[in-house]
């Protein structure tokens with residue numbers, strides 16, 4: 001009885017292409033509800049840290065967030081100002097992971113960054129939201145197309161008169 005032939009040269013690229021969807025998150029902020037229609041000065045943007053860690057927003061105000069094009073849960077959000085409950089999934093480079101709820105008050109035009117701190121004595125992770133103020137612009141730069149790893153870059157905005165805000 002002949003052995004079935006497997007078209008390995010064709011299967012490998014197809015498998016990698018499909019798997020790449022799960023490894024490469026969408027790096028643009030996901031707009032929640034009314035934030036979709038608002039200019040940047042009227043919304044708050046929350047950026048998750050990805051330097052050596054994976055951080056995804058899974059829920060906002062109790063509502064589950066979607067996978068975007070197979071790219072997984074959002075790694076950054078745009079929200080209307082006010083009180084919000086964010087559920088965050090964090091996995092560190094050392095394989096520590098946690099899922100936390102953060103309740104926070106967001107201000108219009110402000111940029112926020114999720115920060116984390118390893119707690120070695122308890123093998124835990126502390127997660128907090130840091131307000132960068134209204135004068136910061138952030139974006140992700142992908143550093144690996146294979147793993148989807150990205151670095152968060154933030155800089156002061158430049159005013160119309162050419163000066164930079166601190």
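Numbering (our numbering), first residue to last: 1 to 166.
Just so you know, even glycine gets a beta-carbon here, dropped at the ideal spot from N, CA and C.
- For the 8 Å CB-CB criterion, residue 73 and residue 96 do not form a contact.
- For residue 109, the closest C-alpha among the options 81, 102 and 125 is that of 81.
- For the pair residue 154 and residue 122, the Cα-to-Cα distance works out to about 31 Å.
- Residue pairing from DSSP places residue 56 in a beta bridge opposite 89.
- The alpha-carbon of residue 39 is positioned some 28 Å away from that of residue 54.
- In the three-state reduction of the DSSP assignment, residue 115 falls in the strand class.
- About 5 Å separates the beta carbon of residue 127 from that of residue 116, a gap short enough to meet the 8 Å contact definition.
- Residue pairing by DSSP leaves residue 36 without any beta bridge partner.
- The shortest C-alpha to C-alpha distance from residue 136 to any of 91, 98 and 47 is the one to 47.
- In this structure residue 27 does not touch residue 57 by the C-beta definition: roughly 13 Å separates them, more than the 8 Å allowed.
- When rounded, the separation of the alpha-carbon atoms in residue 92 and residue 144 is 17 Å.
- Annotation: the continuous beta strand (DSSP E) that includes residue 46 extends over 44 to 47.
- With contacts defined by Cβ atoms closer than 8 Å, residue 44 and residue 141 do not form a contacting pair.
- Within the same chain, Cβ atoms closer than 7 Å to the Cβ of residue 35 are found at 43, 78, 79 and 80, the five residues on either side in sequence being excluded.
- At least 8 Å separates the beta-carbon of residue 104 from that of residue 125.
- Membership of residue 98 in the beta strand (DSSP E) is indicated by the continuous run 97 to 106.
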